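Residue numbers (this note's numbering): 9 to 325.
Built from N, CA and C at the ideal position, the CB exists for glycine as well.
No experiment lies behind these values; they were computed from the predicted model shown.
To keep things clear, I will list the structure first and then write my remarks on it.
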């Protein structure tokens, strides 16, 4: 814990870090994201006793409700049409998908899709006749659960029309160049908030873990940029509080990737600006932690080099 504290105090400063640390130790705040395919009358009946405690979030376009008293929500359940009524998640995750500005007719790739909260947020925005989401998850158990989540929240005909689940290595997702209008990358990361609630994992933490994660994140980001069409957008996101896994990964992609990209400036009602992206932290917003950066692909691949080459220069990470 001492090494962890020292590392992040250097990152956040002696004034903010103790406040942020205490916020990270508290239980995660959640909202309920209403499923657009759920039966409205069934939902009203189910929630009638808790409605006075709910407040609608005004910083996202998908209907999401938070508890005024931080009490627990009733568990999601199937309605009369056999569709699950809502999904419980951190509102910062919904905000991140808002930044991607997904249109109903777009082709979207979620390159690290499990457990499925952001995937469902994307699916709420797509039209079943024209839009399509490809959800990728390499781990077979997580992929199976992801498929179950999608099938639980969408009617069977919508699943068939709008959703595809695949199981590829995200660091080697190079088989579909320039196929997607938008790509969502919710990258595996250090997830410091979860570490603080797991003493054994926290004892195993070292700065090397952050460096290893950043290297892997860059590899997946390269594949994501490779997969998006010229002019398309990639949203890079992590739940890490380390700049090494956040802005530094984006910066390295800009400097070392062979595909030209540019960061898109974000101005959102919740969170704070970083050099290249946006950050929601629980000491300031009660949501998060979640970092995300919006990246636009501006051209075709440059001559020479390869975006799937091994990154060996760890010293500048």
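Suppose you measure from the CA of residue i to the CA of residue j; what does that come to, to the nearest Å?
i           : j           : result
residue 102 : residue 70  : 8 Å
residue 308 : residue 229 : 16 Å
residue 116 : residue 81  : 30 Å
residue 232 : residue 242 : 7 Å
residue 342 : residue 220 : The chain is shown from 9 up to 325; residue 342 falls before or after that span and cannot be answered.
residue 31  : residue 289 : 9 Å
residue 224 : residue 179 : 7 Å
residue 57  : residue 16  : 43 Å
residue 12  : residue 53  : 47 Å
residue 260 : residue 135 : 35 Å
Should residue i and residue j be called a contact, given that it needs their Cβ atoms to be closer than 9 Å?
i           : j           : result
residue 84  : residue 96  : yes
residue 200 : residue 267 : no
residue 124 : residue 153 : yes
residue 74  : residue 63  : yes
residue 222 : residue 275 : no
residue 285 : residue 98  : no
residue 132 : residue 34  : no
residue 195 : residue 175 : no
From the DSSP output, in three-state form, read off residue i for me.
i           : result
residue 255 : helix
residue 20  : helix
residue 86  : strand
residue 324 : Low confidence applies to residue 324: its pLDDT is 45, below 50, so where it sits in the model is not reliable enough to give any reading.
residue 280 : strand
With a CB to CB cut of under 8 Å and the five nearest residues on each side skipped, what residues in its chain are close to residue i?
i           : result
residue 185 : 234, 235
residue 306 : 238, 239, 268, 269, 270
residue 172 : 140, 141, 142, 143
Within a Cβ cutoff of 6 Å, which residues of the same chain sit near residue i, ignoring the five residues on either side of it in sequence?
i           : result
residue 24  : none
residue 227 : 179
residue 204 : 32, 33
Bridge partners of residue i, per DSSP?
i           : result
residue 300 : 245, 286
residue 131 : According to DSSP, residue 131 bridges with nothing at all.
Using C-beta distances below 7 Å, list every residue in its chain close to residue i, excluding the 5 sequence neighbours before and after it, in chain order.
i           : result
residue 300 : 104, 107, 243, 244, 245, 285, 286
Examine the ligand GDP and report whether any of its heavy atoms sits within less than 8 Å of the Cβ of residue i.
i           : result
residue 121 : As for the ligand GDP, it is missing from this structure, which has no ligand bound.
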